[in-house]
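Everything on this sheet refers to the single structure shown next.
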Amino acid sequence: MGSSVDIADVTASVTSVLAVPDDKPAFQPLDPEDVRAYLHKAVDFVSDYYANVESMPVLPDVKPGYLQGELMSSPPTYSTPFDVTMKELGASVVPGMTHWASPNFFAFFPATNSAAAIAGDLIASALNTVGFTWQAAPAATEMEVLALDWLAQLLRLPATFMNRTSTGSRGTGGGIILGTTSEAMLVTLVAARDAALRRSGSIGVSGLPRLAVYAADQTHSTFFKACRLAGFDPANIRSIPTTAENHYELDPAKLFESMQADVDAGLVPTYVCATVGTTSSNAVDPVGVVAEVAALFGAWVHVDAAYAGSACICPEFRHHLNGVERVDSISVSPHKWLLTCLDCTCLYVRDARRLSDSMETNPEYLKNDATDSGEVTDLKDMQVGVGRRFRGLKLWMVMRTYGTAKLQEHIRSDIAMAKMFEGLVRADHRFEIVVPRNFAMVCFRIKASGAMTEEHADEANRVLMKNLNKTGKAYIAHTVVGHRIVLRFAVGSSLQEERHVRSAWELIKSTTNKMMME
């Protein structure tokens, strides 16, 4: 037999190897001096980035997987000075970024930002609250409620959408800040689904295959995705055709026909999505009339005002929300156009109980007296998840710091620049404006003329976009409207000035000239 092992000796040996020397400080990831030093360097990095981003190519010249060859393939075992980390960020990550902050970015919709929003997001990250219930984060919950009610006042939403009444008591409506419009659509679809099942006398979800939902064909694709996630039969998702004659808006007469045909076929109209500022054409659906049609069938009406809703803080654009008092929910995304960084989608519902009935979860470990009192809002009951960030702080800081007047000035300036660009396009006989400009996006294209067919014009617009974008001096995107390729020019980056819009137009003209000569 081999010699016996003394367990005590082995334990002592292992302990001596693993023991931290007396002179080695313990790991302190939140050492106050490190926090101060790291954040100072991070703030300097951010400030320098904004000072220089205009000179950077908007689109990076990198290949998929490029970063794997730039950075370590495995995590380091030992610590590294923060300066090394920041150096790698600047040398490898920034060159691979598409610069949404660039004043030469005109693609998609803008992702606006501001010093106040960045500061708010930084502080919220540092506080790192997990605000699933009021008790878990009283100030975070109260701040979100306050910020939402402030924005509702700027938008002149009916009091029924407010979290608090004029007397300070809890209202029947309310709101929550979610990550994206997709989430807003999903949770309201689920609430509408459950209400329709109850209304139709369904036992459990047995009636789900009979539920139908409706939207214009210009509605964002995320709506159709959210419908599938909410369990709606794809065969019952109605995409109502739009036409150039009505500027690609949802036609209430066609909506009525579709809903009535479904009722005649034994289906249950459940949800209608109207949009204020569609992605492809910036069309504005007639909110009030759509709501009147939906009311005939008891269907939930949601308004997606993700982009253009922010413009409605200006009185001259508020009419686009006329009739909102008759809808069930509306969502607006300040991270698109109201100087508040991602993620920040504000969802308002006229009857908060209808939403929380579907989203509520109440495990024993989250029960508390504040919730039981019925006087507080537990935001976990208005979203898919439970945990959540302190999103309300940055939105409040933006409104508190800049005030209504400057936010309106920001919106009006962008729209004025877009109007100027529209005029430049109209003055060039080679181009056409495809749909009337709404807000700060212009849809235009090289038009078919002479020997150039519509198909040839489509290809010319694809080539123009490709050639423009590869210069790095501007970035635009395309869409399809009326079966034709259309270029979208979206003004709104926080750093944009008139000179950037004019420079982009000169680049478009010179690039087109070269194409025409080839």
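Adding 750 to a residue's 1-based position in the sequence shown gives its number in this note's numbering. From the three backbone atoms N, C-alpha and C, an ideal C-beta is built for every residue, glycine too.
6 Å CB neighbourhood of residue i in its chain, flanking five on each side removed
i     : result
V1271 : Because the chain is modelled from 751 through 1268, residue 1271 falls outside the range shown and cannot be assessed.
N863  : C1091, S1244
P853  : E804, S1243, L1245, Q1246, H1250
L1105 : A941, V1099, M1132
A1061 : F1067, I1161, F1189
A861  : W850
Residue i, buried or exposed, once every other Cβ within 10 Å from all chains shown has been counted against 16
i     : result
T1111 : exposed
A1177 : exposed
F1194 : buried
G752  : In this prediction, G752 has a pLDDT of 48, which is less than 50 and means its spatial position is unreliable; what the coordinates show is noted afterwards. The residue is exposed, with fewer than 16 neighbouring Cβ atoms inside 10 Å.
N878  : exposed
E933  : buried
Y816  : exposed
M1081 : The question names Met, but residue 1081 in the sequence shown is Ser. Its Cβ being crowded by 16 or more others within 10 Å, S1081 is buried.
F1181 : buried
A1270 : Within the shown structure, residues of the chain are numbered from 751 to 1268, placing residue 1270 beyond reach of any answer.
M1267 : exposed
V1134 : exposed
A1240 : buried
S824  : exposed
V764  : At V764, the pLDDT of 46 sits below 50, so the modelled position is not reliable and the matter cannot be decided from this model.
D833  : exposed
T1154 : exposed
G1173 : exposed
Inter-residue CB distance, residue i and residue j (contact presumed, cutoff 8 Å)
i     : j     : result
F1189 : N996  : Not really, about 18 Å apart at Cβ, beyond 8 Å.
R988  : S1008 : 5 Å
V1034 : G1027 : 6 Å
C1096 : G840  : Going by Cβ atoms, the distance from C1096 to G840 rounds to 34 Å, so no, they are not a contact pair.
I868  : C1094 : Actually they do not touch by this definition, with Cβ atoms about 13 Å apart.
V1184 : V1236 : 5 Å
T910  : G923  : 5 Å
I1063 : I1161 : 7 Å
R914  : E1125 : At roughly 11 Å, the Cβ-Cβ gap does not stay under 8 Å, so R914 and E1125 are not in contact.
R949  : G1048 : 6 Å
P1002 : V963  : With a Cβ gap of about 16 Å, P1002 and V963 do not count as contacting.
Limits of the unbroken beta strand (DSSP E) element including residue i
i     : result
C988  : As written in the sequence, residue 988 is Arg, which differs from the Cys given in the question. That run of the beta strand (DSSP E) goes 987–990.
W1050 : 1050–1054
E995  : Segment: none, E995 is in no beta strand (DSSP E) and carries neither H nor E.
F1194 : 1191–1196
G1142 : Not the beta strand (DSSP E): G1142 falls in the alpha helix (DSSP H), residues 1142–1176.
L961  : 961–966
E1182 : 1181–1183
S829  : Premise fails: S829 is in no beta strand (DSSP E) and is neither H nor E.
G1079 : Checking the sequence shown, residue 1079 turns out to be Ser, not Gly. Start and end: 1079–1082.
P1019 : 1018–1025
V1038 : Checking the sequence, you will find Gly at residue 1038 rather than Val. Unbroken run through G1038 is the alpha helix (DSSP H), 1037–1045; no beta strand (DSSP E).
T1229 : 1227–1231
C1096 : 1095–1099
G924  : 924–928
Own chain residues within Cβ distance below 7 Å of residue i, not counting five before or after
i     : result
I873  : L1143
S1260 : none
R906  : R1068
F974  : I987
G881  : A887, A890, T891, L1129, R1138, F1140
A1224 : V808, N854, F856, L1218, A1254, L1257
A994  : G1232
G846  : P810, V812, Y816, L817
T1006 : Per the sequence shown, the amino acid found at residue 1006 is Phe instead of Thr. Hits under 7 Å: V1043.
T972  : T931, S932, M935
The alpha helix (DSSP H) enclosing residue i, as first and last residue numbers
i     : result
Y799  : 782–802
I1258 : 1248–1267
Y1186 : Here residue 1186 is Pro; the residue named in the question, Tyr, does not match the sequence. Run containing P1186: none; DSSP gives neither H nor E here.
T891  : 888–904
F1239 : Element bounds for F1239: not the alpha helix (DSSP H) but the beta strand (DSSP E), 1234–1240.
S1102 : According to the sequence as given, residue 1102 is Ala; it is not Ser. Element bounds for A1102: 1102–1109.
V940  : 931–949
V1213 : 1204–1220
K1004 : 1002–1014
F974  : 971–979
S875  : 865–877
S1123 : 1119–1123
Residues near residue i in its chain [Cβ-Cβ closer than 8 Å; skip 5 each side]
i     : result
S766  : Annotation note: pLDDT 49 at S766 (below 50); position unreliable, coordinate value reported separately. Closer than 8 Å at Cβ, skipping near neighbours: no residue.
E1204 : A1198, R1234
N1211 : R1195, I1196, H1228, I1235, V1236, L1237
Any 3 or more C-beta pairs closer than 8 Å across the region 1208–1226 and the region 1244–1260: Counting C-beta pairs closer than 8 Å gives three or more between the region 1208–1226 and the region 1244–1260, which meets the contact rule.
The region 1047–1061 / the region 934–946 touching (three or more Cβ pairs under 8 Å): Because the criterion of three Cβ pairs below 8 Å is met, the region 1047–1061 and the region 934–946 touch.
contact_flag[the region 1105–1125, the region 894–904] where n(CB pairs < 8 Å) is 3 or more: Judged by Cβ distances under 8 Å, the region 1105–1125 makes no contact with the region 894–904, as fewer than three pairs qualify.
Inter-stretch contact at 8 Å, needing at least 3 Cβ pairs: the region 1163–1174 / the region 953–961: Flag = no, the region 1163–1174 and the region 953–961 do not touch.
Segment contact, 8 Å Cβ cut-off, at least three pairs: the region 795–809 with the region 843–860: Contact between the region 795–809 and the region 843–860 is present: three or more C-beta pairs spanning the two stretches fall below 8 Å.
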